[in-house]
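See structure below.
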């Protein structure tokens, strides 16, 4: 094989082989098109719009009926509502975005094409996580900034970093978990519907746990606001571990996939 | 081109399972129905493919991409999304991406199978150019194509190799020389005379409305040249309007080998 001028063979080895190129390609799909801007508008409209409506409705209620538990301030309840809304909608968004990334490539034949190049299968799968930075920014960071503004307008309070970071950590870990779970299901299932269906079922069940009694969510929010991070931290660690396990199994499964 | 556990063998000296990436580094591959990212342009696709093999300045990568586009005649369409490409253009792009790394071996799976005559001609011309610098290993059912662009041929039947040889050797491989005669008139008596000759092996007859064609296989070429036409026209009832040594086509060889194999099994 001859080299071409100043070109030199790529020096990636092992599981990283092809990762940089694939990561760049996947990132470009998000940042190189209008997709990221559409997402900024969509999520701000959806999350902050709903949050604004709920805040407006709650402020109309008598002061004693504004929170479901006496121990939780209106400010805290506002943050709780935003967290729950974000968990549900961004979880569903992550599932919808992730459900076609593996299956779509398997069905279209592009996975077989890419894997005919010197690319490790681990790199092919990990590169799908290139969506995550864009998703975290457009689905969480920007709506959070707008939500802070909305909360300040209604309660005249701004959450401190010690409150914001655990809540954000909870949301980030949830989004990453559902993204990785859907990637895993994409390597196991043959159809997008089944992949998205199972992931959405898990999302609904987990959120039902939080929403039905309000105990878990409110306890976590109150702990966060009072500066006690133990329970939220356990949930965040559990979600991130779950995401890691999903990714690990997905990689192992994908290594045995035939195209 | 993916190798699986349970399969075994070597390619270019590398184990096909354990050293699969090293093989893919040195081999170019085009699937029968190549699929690319539809939203990408041809240039982006080649750039993407090149970066799996090369690092270095962007300009150098671009030079490599332009070289590949020129090779397959897609320079004018380099910046159009692939979703608008015809079958022939996709196939040409497929060849370009397969040889972007100047592979030691280029494997093409039915490269011209689904193309119209113009697309097929283009692909064969590209293969003609590439064979100067790279070993091309390709599968096809289009035997005319094989005869045009191949040096060596391997014939497979149900996964079993039944013949492998340089194409010239394969075409000249029959130990029998065959002459083709095209005649008009009453040929029955001439046929009888020929079958009585010890140097005639077989006669294959094709009767057409206005003429008869014989393929006469002989085992003594010199005697046949001297006597064949004279014997046929001896009674004056036959008018020979064409005579010559039969040029074998690959299709004849293929059919003959496969039939031989069928009879043997």
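Residue numbers (my numbering), protein chains in the order written: chain A, 40 to 298; chain B, 1263 to 1527. Idealized CB from N, CA, C, for every residue including glycine.
- Within the same chain, and ignoring the five residues on either side of residue 1393(B) in sequence, the residues whose Cβ sits closer than 7 Å to its Cβ are 1411.
- The beta carbon of residue 53(A) lies closer than 8 Å to those of 159 in the same chain, with the five residues before and after it left out.
- DSSP places residue 66(A) in the helix class (H, G or I) of the three-state scheme.
- Contact annotation: the region 1296 to 1316 of chain B touches the region 1325 to 1333 of chain B, with at least three C-beta pairs closer than 8 Å.
- Contact of residue 1347(B) with chain A is not assigned, every C-beta pair being separated by 7 Å or more.
- Scanning chain A for C-beta atoms nearer than 9 Å to the C-beta of residue 1516(B) yields nothing, as the closest lies near 29 Å away.
- Along the length of the region 1269 to 1305 of chain B, whole alpha helix (DSSP H) runs at least 4 residues long occupy 1282 to 1288, reported in chain order.
- The beta carbons of residue 147(A) and residue 1354(B) sit no closer together than 7 Å.
- Residue-level contact check: residue 145(A) does not touch chain B, since none of the beta carbons of chain B fall below 7 Å from its beta carbon.
- Closest option to residue 136(A), judged by alpha-carbon separation, among 182(A), 246(A) and 239(A): 239(A).
- Residue 1314(B) belongs to the set of residues whose beta carbon lies under 7 Å from a beta carbon in chain A.
- Only residues of its own chain outside the window of five on either side were considered, and among them 1292 and 1400 have a CB closer than 6 Å to the CB of residue 1370(B), listed in chain order.
- When Cβ-Cβ separations below 7 Å define contact, residue 152(A) makes contact with chain B.
- Boundaries cannot be given for residue 71(A), as no beta strand (DSSP E) includes it and DSSP labels it neither H nor E.
- Under DSSP, residue 157(A) forms no beta bridge with any residue.
- Taken through DSSP and simplified to helix, strand or coil, residue 1489(B) comes out as helix.
- Taking residue 1377(B) as reference, the option from 1469(B), 1300(B), 1430(B) and 1352(B) with the minimal CA-CA separation is 1352(B).
- Proximity of chain B to residue 64(A) at the Cβ level (cut-off 7 Å) is accounted for by 1310, in chain order.
- Residue burial annotation: residue 280(A) is exposed, with fewer than 16 other C-beta atoms found within 10 angstroms of its C-beta.
- The closest CA to that of residue 1321(B), considering only 179(A), 127(A) and 46(A), is found on 46(A).
- Only 1266, 1283, 1286, 1287, 1288 and 1291 from the region 1266 to 1291 of chain B bring a Cβ to less than 7 Å from some Cβ of chain A.
- The Cβ of residue 167(A) sits no closer than 7 Å to any Cβ of chain B.
- Runs of the beta strand (DSSP E) lying entirely within the region 1440 to 1504 of chain B, each at least 3 residues long, are 1462 to 1469 and 1474 to 1480 in chain order.
- Note: residue 1399(B) is bridge-paired with 1369(B) in the DSSP secondary-structure output.
- Residue 1315(B) and residue 48(A) have their C-alpha atoms spaced approximately 6 Å apart.
- The beta carbon of residue 46(A) sits closer than 7 Å to some beta carbon of chain B.
- Within the same chain, Cβ atoms closer than 6 Å to the Cβ of residue 120(A) are found at 93, the five residues on either side in sequence being excluded.
- For the set 1339(B), 1500(B) and 1431(B), the Cα lying nearest the Cα of residue 1452(B) is the one of 1500(B).
- Pairing residue 1344(B) with residue 1300(B) gives a Cβ-Cβ distance under 7 Å.
- Neighbours of residue 1317(B) in chain A, taken as residues whose beta carbon is under 8 Å from its own, are 46, 47, 48, 49 and 50 in chain order.
- Between residue 218(A) and residue 130(A), the gap from beta carbon to beta carbon reaches 7 Å or more.
- Using a Cβ-Cβ cut-off of 7 Å, residue 155(A) counts as an interface residue toward chain B, since at least one Cβ of chain B sits closer than that to its own.
- Secondary structure of residue 1316(B) (DSSP, three-state): strand.
- Contacts between residue 199(A) and chain B, judged by CB atoms closer than 7 Å, are missing: the closest CB pair is about 44 Å apart.
- Taking a cut-off of 8 Å for Cβ pairs, the region 1382 to 1397 of chain B and the region 1414 to 1425 of chain B do not touch, as fewer than three such pairs fall below it.
- Counting the other Cβ atoms within 10 Å of the Cβ of residue 78(A) gives 16 or more, which makes it buried.
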